[in-house]
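For reference, the structure is listed below as structure tokens.
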Amino acid sequence: MHASYVDPLTDVLVELEVNSETLEAAMNEAWRCTSDRGMPIVEFVAENGSSLVFARAGKVAVLVWTDTAGDERHSLGDRDEELLVADYFGSYTEFPGNWAISLNAALHATRIFLETGKPVAEEVILVAD
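If you're matching positions, the sequence shown starts at 766 in the working numbering and goes up one per residue.
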């Protein structure tokens, strides 16, 4: 699956192909590029045109899935986090803290998306905006 992010240290667009086996290595490479705008948000785009945006802030993450009609769903956690800040293609971006889920749950949901092109609702609650 196609993935992309902007390296906030160089402002260079990074594009790569990722699968469930290479996910963690690709994400670790992206996360090493943390700036004052936060960690870079990685966007995955499936062949069907749907996308999954993965934003990490420390030990938590936010997922936003967009289907081919443009309808969005986002993760919803049970945490009382502050606003999460991340870098979305060069822009300082904030997410509500209650969208935060554990990093492991977000990685699990992303693996499912990489394999199926669809969101997962098992350990992660995805709700429509």
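For every residue, glycine included, the Cβ atom is placed at its ideal position computed from N, Cα and C.
Check your understanding: For Val810, which residues from the same chain have a beta carbon less than 6 Å from its beta carbon, with the 5 sequence-adjacent residues on both sides left out?
Key -> His767, Ser816
Q.
Suppose contacts are defined by Cβ-Cβ distances below 8 Å. Is Thr881 in contact with Leu788 by that definition?
A. Going by C-beta atoms, Thr881 is not nearer than 8 Å to Leu788.
If you drop the 5 nearest sequence neighbours on each side, which residues of the same chain put their C-beta closer than 6 Å to that of Glu859? Leu848, Val850
- prompt: Tell me which same chain residues have a C-beta within less than 6 Å of the C-beta of Tyr770, skipping the five on either side of it?
  reply: Val779, Ala795, Pro805, Val807
For Trp830, report the span of its alpha helix (DSSP H) as first-last.
That residue, Trp830, is in no alpha helix (DSSP H); its beta strand (DSSP E) goes 825 to 831.
**Asked** So, are the CB atoms of Asp843 and Gly862 less than 8 Å apart?
**Response** No. Outside cutoff.
Ala871: first and last residue of the uninterrupted beta strand (DSSP E) it sits in
Premise fails: Ala871 lies in the alpha helix (DSSP H), 868 to 881, not in any beta strand (DSSP E).
query = Skipping 5 residues on each side, what residues in its chain have a beta carbon closer than 6 Å to that of Ala893?
reply = Its pLDDT being 44, under 50, Ala893 is placed unreliably by the model, and the measurement read from it follows with that caveat. Correct list, in chain order: Arg838.
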